[in-house]
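Enquirer:
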DNA sequence: TCAAAAGTTGAACCATTGTTCAAATTATGA
DNA sequence: TCATAATTTGAACAATGGTTCAACTTTTGA
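Chains as they are written, first to last, in this note's numbering: chain A, 4 to 201; chain B, 4 to 201.
1) Just grab the DSSP bridge partners of residue 199 of chain A for me.
2) Check whether the Cβ of residue 141 of chain A lies closer than 9 Å to any Cβ atom in chain B.
3) Does the distance from the CB of residue 105 of chain B to the CB of residue 50 of chain B come in under 9 Å?
4) Which of the three DSSP states is assigned to residue 163 of chain B in this structure?
5) Considering only the alpha carbon of each residue, which of A:127, A:25, A:66, A:126 lies closest to residue 47 of chain A?
6) Using a Cβ-Cβ cut-off of 9 Å, state whether residue 21 of chain B counts as contacting chain A.
7) Taking beta-carbon pairs under 9 Å, can you tell me which members of the segment 148-162 of chain A lie near chain B?
8) Could you give the DSSP three-state label for residue 39 of chain B: helix, strand or coil?
9) Three-state secondary structure (DSSP) at residue 14 of chain B?
10) Work out the CA separation of residue 122 of chain B and residue 144 of chain A for me, nearest whole Å.
11) Between which two residues does the alpha helix (DSSP H) harbouring residue 55 of chain B extend?
12) Quick one: Cα of residue 137 of chain B to Cα of residue 161 of chain B, how far?
13) Please report the straight-line C-alpha distance between residue 202 of chain B and residue 167 of chain A, rounded to a whole angstrom.
14) So that I know if they touch, is there some Cβ in chain B lying closer than 9 Å to that of residue 27 of chain A?
15) Can you tell me whether residue 192 of chain A is helix, strand or coil according to DSSP?
16) Can you give me the Cβ contacts of residue 3 of chain B inside the same chain, cut-off strictly under 8 Å, excluding the 5 residues immediately before and after it?
17) Using a beta-carbon distance below 9 Å, is residue 165 of chain A in contact with chain B?
18) Could you check the C-alpha separation between residue 87 of chain B and residue 115 of chain A for me, to the nearest Å?
19) Could you tell me the distance, in whole angstroms, from the CA atom of residue 33 of chain B to the CA atom of residue 27 of chain B?
20) Cα-Cα, which of A:69, A:181, A:31 is closest to residue 19 of chain A?
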């Protein structure tokens with residue numbers, strides 16, 4: 004294979020591979036419960052090697068969460084550009100969010116154990132999370148104003164949606180009965196229909 | 004005060020007090036992240052004293068989860084006795100569930116970190132959780148059959164509801180802008196409306 | 001082909017964790 | 001009031017955790 008990746012992006016690829024194992028471990032055992040040795044074993048590498056790619060465990064967690072937030076914010080931006088009213092856009096965002104955390108990242112940042120982050124990354128990640136939630140709330144509020152949705156508190160509705168969506172990381176299994184696409188579609192339908200006027 | 008409590012129920016009261024502190028710690032830091040010293044400090048007692056009431060940390064976690072599951076199953080039984088169709092019953096159960104984990108228990112077992120349980124308690128708690136989920140699914144399926152709800156997979160719908168409901172433990176704060184009753188009512192309305200035919 | 005750089009290893013270190021226990025304190029009841 | 005039981009304490013112990021690092025292997029590029 005031709006070498007298309009320079010040094011920088013090769014280490015980034017490795018960091019993403021580590022992310023996958025680490026995020027799985029964090030999801031299964033929690034941040035503190037997942038040991039560096041466990042993470043290394045999942046990836047079939049030596050524990051010490053993790054420290055070649057990440058300064059320490061906090062840094063590894065921060066990378067997981069920033070990667071997840073970054074992708075979700077990209078999906079949020081795309082959703083706002085999709086044609087249609089707030090209902091269609093919200094539906095698209097929920098489905099994209101689900102595909103993202105089920106398919107690409109193994110629930111990275113689903114737990115969002117921000118308490119374990121250092122002050123600086125925590126501020127960054129909380130800011131990203133706030134931006135994402137604001138997009139959600141704005142879509143909902145817009146739907147309420149356009150009378151597509153019934154009156155409600157957009158903040159509470161957004162929290163309900165995020166709970167249902169992020170909760171999937173806890174029970175979803177790739178070899179389970181529900182493929183990610185199916186979950187994405189059914190959840191998006193259900194969670195948007197609850198907002199509609201009845 | 005008159006001594007109405009015999010020895011047994013007095014130690015049970017203390018165990019419940021410990022539960023409150025422990026469940027808060029588990030919710031904030033995760034099972035592994037919450038140290039026995041932290042839990043003791045929250046309760047203003049010595050670390051060693053916890054071992055007078057619980058065999059070890061696993062036992063403390065098991066008590067939290069069994070207490071939570073027990074109360075939720077009691078609410079499930081009551082919901083099935085409330086008058087009205089599946090929609091009303093489901094709405095009542097969701098609201099009761101929320102009041103339970105927001106008001107009474109500080110999100111005990113919200114995480115449901117079953118991996119940290121010993122085999123025997125884990126079997127018990129998983130069985131209780133399954134029973135609870137089955138009640139939920141049955142209510143949903145009944146609503147679908149009676150054409151009160153739109154066709155859907157009751158299993159997926161139940162998981163969506165549980166995600167939204169249990170997720171509240173992560174962001175709810177007693178001194179926040181939303182009182183538990185408000186959250187219970189809005190969530191119950193929203194989550195049931197999503198099932199209705201539109 | 002080979003020297004330098006990049007990447008990998010696992011044993012060792014030290015702080016922290018769950019846990020124990022003998023001693024101290026408080027509650028009980030006759 | 002006092003002896004007994006119940007409860008609480010905190011120092012100490014063994015195990016586990018994150019982390020370091022010198023040595024080793026692989027990759028790179030000329």
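Here a beta-carbon is modelled for each residue, glycine too, at the ideal position from N, C-alpha and C. Model, not experiment: these values are computed from the prediction.
Expert: Working from what's here:
1) A:152
2) no
3) no
4) helix
5) A:25
6) no
7) 153, 155, 156, 158, 159, 160, 162
8) helix
9) helix
10) 47 Å
11) 53-56
12) 9 Å
13) Residue 202 of chain B is absent from the model: chain B starts at 4 and stops at 201.
14) no
15) helix
16) With chain B covering 4 to 201 only, the question about residue 3 of chain B has no answer from this structure.
17) yes
18) 39 Å
19) 9 Å
20) A:69
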